[in-house]
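Trainee:
2 protein chains.
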Amino acid sequence: MQLNKQFRQFGHKMTAGRETTIDVLSETDEHLSAEDIYIKVHSVNPKIGLTTVYRTLELLINMGLVSKFDFGDGRARYELAEGIKGATHHHHLVCTGCGRIIDYSEFVDEEKTFFKRIERELSRKYDFRITNHLVQFYGLCKKCEEA
Amino acid sequence: MQLNKQFRQFGHKMTAGRETTIDVLSETDEHLSAEDIYIKVHSVNPKIGLTTVYRTLELLINMGLVSKFDFGDGRARYELAEGIKGATHHHHLVCTGCGRIIDYSEFVDEEKTFFKRIERELSRKYDFRITNHLVQFYGLCKKCEEA
DNA sequence: GTTACTGCAAAGCTTTTGCACTGTC
DNA sequence: GACAGTGCAAAAGCTTTGCAGTAAC
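Residue numbers (the working numbering), protein chains in the order written: chain A, 1229 to 1375; chain B, 1229 to 1375.
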C-alpha cells in the first residue's frame, strides 16, 4: 500500500497495528470510538492492544489521515479523513435521543463556498489562520421523535 | 429575579447554589469549565460544592438556559444560552495552539439564513427534526501562528 | 412535614503515561 | 543494532453516583 511510503516520509514505521487500524477505518461506514476500533482490530490481530490503537489514532490524526469527532456522548469518534482511500466529505446529523449519526453530503459544496467567504473575513478581522471547520446539526431522528 | 418562577414551573426549587451559578455565568464573557464555575461560585459561597455545580449545569441545560460546548481539550465549557440575561448569539474560533476561544457574531444572521434553508431540506430528506446546530472554526491565533 | 437538593467520598469512564520488551528498517 | 513501537498495568482527569444530612416550599 502507498500509505506505507507516507509513514516513512513522516519518519514512522509501518506496523501491523497501524495497518490493521487503517484497514478497519477503511472498511466501515460507522462512526467508531477508540474502543470500537480496538475490538475490530483485536479480532483481526489479538496481539494489538487498546493503547496502540489510541497511539495510532493520534498519529494518524497528526498525519492528516484521520479526523476526530465529538458527538457529545463522552467518547471521541474517528473517521478516515476526506480523500483518504476514497472517503468523501460529509457532515453529520446527531440524534440527541439515541445518539444515532446520519451522514449527509448534499450541501457540502454550498457550505464550502459559504464558509470560504466567512473564513476569509474572520481571518482578517481576528488575525486568525483558519485551518478547519466543524458543522453539526442536532435534533431527533424519526424513531425518537415518535417516541 | 424571574428565573425563580421558571424554576418552579419546571418543578424545581430555587436554591443558593443555582442562583450563584447563574450569576457567575451571567457576569462572565469567558468560556468557563465546570471547575472554573465551581471556583467562582465557591468563592462567593463556600458551602457550595463541585457536585452541585455539575448537577445545576445539567439542570440548566435541560431547561434551555445554558449551552454546553466542547472545544476539544477534554473538558466541557458552559455559557448562558442565547437570550438569557441578554446573552447574544455567537459562534467560536478555537485556537488549536493555545486553546484560546474567540467569539464572533458578525455573520450569525447570514449563517442563520443559510442554515435555515439547509435544515429545512435535511429535515425533510432524512426525517430528522433539527433543533440546533453547531459551527466552530479551528486554526491558529496570531500569537501561535508567529511562534 | 415532604420532597427535592446538597456535600462528601467513592466510583466510573475514557484517555494517557511509565517502563521494560519487541519489532522494523 | 539502533530506535521507534508496543503491551500491560497503573495513573490521570473529568464527570457521575450513593447516601445520609439539609433546606426549600
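All residues carry an ideal CB built from backbone N, CA and C; glycine is no exception.
From what residue to what residue does the alpha helix (DSSP H) around Ser1271/A run?
Mentor: It spans Ala1262 to Val1272 - the alpha helix (DSSP H) in which Ser1271/A sits, taken as one unbroken run.
Trainee: Would you please verify whether the beta carbon of Thr1359/A is less than 8 Å from any beta carbon of chain B?
Mentor: Yes, contact with chain B.
Trainee: Pick out whichever of Phe1238/B, Gln1237/B and His1259/B has its Cα sitting closest to the Cα of Asp1331/B.
Mentor: Checking every option, the nearest Cα to that of Asp1331/B belongs to His1259/B.
Trainee: With a threshold of 6 Å on Cβ separation, who are the neighbours of Phe1365/A within its own chain once the five nearest residues in sequence on each side are excluded?
Mentor: Hits under 6 Å: Leu1321.
Trainee: In chain order, what residues of the same chain lie with their CB nearer than 7 Å to the CB of Tyr1266/A, ignoring the 5 residues before and after it?
Mentor: Result list for Tyr1266/A: Leu1278 and Val1281, in chain order.
Trainee: Are Thr1324/A and Leu1368/A close, meaning C-beta to C-beta below 8 Å?
Mentor: In contact: Thr1324/A and Leu1368/A (Cβ atoms closer than 8 Å).
Trainee: Quick one: grab the DSSP three-state call for Lys1296/A.
Mentor: Correct three-state label for Lys1296/A: strand.
Trainee: Thinking just about the alpha-carbon of each residue, which of Ser1351/A, Ser1333/A, Glu1310/A and Phe1235/A is nearest to the one in Ile1346/B?
Mentor: Here the closest residue by C-alpha is Ser1333/A.
Trainee: Runs of 3 residues minimum, wholly inside the stretch 1312–1342 of chain B: which ones carry the beta strand (DSSP E) assignment?
Mentor: The qualifying runs are 1319–1323 and 1329–1332.
Trainee: Just curious, the alpha helix (DSSP H) that Arg1236/B is in, first and last residue?
Mentor: Taken as a continuous stretch (DSSP letters only), the alpha helix (DSSP H) holding Arg1236/B covers Leu1231 to Gln1237.
Trainee: I want to verify the contact list: residues of chain A whose CB lies under 7 Å from the CB of Glu1347/B, in sequence order.
Mentor: Residues of chain A passing the Cβ test: Phe1365.
Trainee: Does Arg1303/A come out as helix, strand or coil in the three-state DSSP assignment?
Mentor: Three-state DSSP puts Arg1303/A in coil, outside helix and strand.
Trainee: State the DSSP-derived secondary structure class of Gly1277/A, mapped to helix, strand or coil.
Mentor: Coil.
Trainee: Please decide whether Cys1369/B counts as near chain A, where near means a Cβ-Cβ distance under 8 Å.
Mentor: Cβ-Cβ to chain A under 8 Å: yes for Cys1369/B.
Trainee: Please return the same chain residues whose Cβ sits closer than 7 Å to the Cβ of Lys1313/A, not counting the five positions on each side in sequence.
Mentor: Excluding sequence neighbours, Lys1313/A sits near Ser1254.
Trainee: Drop a sphere of 10 angstroms on the beta-carbon of Gln1319/A, count the other beta-carbons inside from all chains shown, and report buried for 16 or more, exposed for fewer.
Mentor: In the sequence as presented, Gln is not what sits at residue 1319/A; that position holds His. Burial call: buried.
Trainee: Hey, out of Lys1275/A, Arg1246/A, Lys1340/A and Cys1372/A, whose CA is closest to Glu1291/A's CA?
Mentor: First, the residue type needs correcting, since residue 1291/A is Met and not Glu in the sequence shown. Measuring from the Cα of Met1291/A, the nearest candidate turns out to be Arg1246/A.
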